[in-house]
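Peer 1: The following block contains the structure, expressed as structure tokens.
Residue numbers (mature numbering (1 follows the signal peptide of the UniProt record, and there is no 0)): -21 to -1, 1 to 63.
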């Protein structure tokens, strides 16, 4: 009896563990006018990602990089968002 309960429990964990799947993130970049704000560049880029892709995109690892070769005052926000 105990062996059958253990077997059923293990089988359920094996089946249900794969149904939820894994979270997949995609790399995205946004080019914006103006230089990266001093001290709050990550927060500013995070807000730009939210505005562009929505709250459900769950952006993370967001960085801001000044891109002087495109225009004198451009920046690029890059980070990861949930892939759909």
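Each residue gets a CB set at the ideal place from its N, CA and C atoms; glycine is no exception.
(1) Is it true that the CB of residue 53 sits closer than 8 angstroms to the CB of residue 11?
(2) Please classify residue 34: does DSSP put it in a helix, a strand, or coil?
(3) Identify the continuous beta strand (DSSP E) that holds residue 9 and give its terminal residues.
(4) Find the nearest neighbour of residue 5 within the set 48, 47, 55 and 41, judged by alpha-carbon distance.
(5) Mapping the DSSP letters down to three states, classify residue 21 as helix, strand or coil.
(6) Among the residues of its own chain, which have a CB less than 7 angstroms from the CB of residue 14, if the five just before and after it don't count?
(7) Whole angstroms are fine: how far does the CA of residue 26 sit from the CA of residue 63?
Peer 2: Reading off the structure:
(1) Position 32 of the chain shown holds residue 11. Position 74 of the chain shown holds residue 53. For residue 11 and residue 53, yes; Cβs fall inside 8 angstroms.
(2) Within the chain shown, numbered from 1, the residue matching residue 34 stands at position 55. In this structure, residue 34 counts as helix in the three-state DSSP scheme.
(3) Taking the chain shown and counting its residues from 1, the one referred to as residue 9 is at position 30. Per DSSP, residue 9 belongs to the beta strand (DSSP E) from 4 to 12.
(4) For this step, residue 5 is matched to residue 26 along the chain shown. Closest option to residue 5, Cα to Cα, is 41.
(5) Counting from one through the chain shown, the residue named residue 21 turns up at place 42. Three-state DSSP puts residue 21 in a helix.
(6) The sequence position of residue 14 within the chain shown is 35, counting from 1. Cβ neighbours of residue 14 beyond the five flanking positions: 45, 52 and 54.
(7) The residue you call residue 63 lines up with position 84 of the chain shown. The residue you call residue 26 lines up with position 47 of the chain shown. Taken atom to atom, the span from the alpha-carbon of residue 63 to that of residue 26 is near 20 angstroms.
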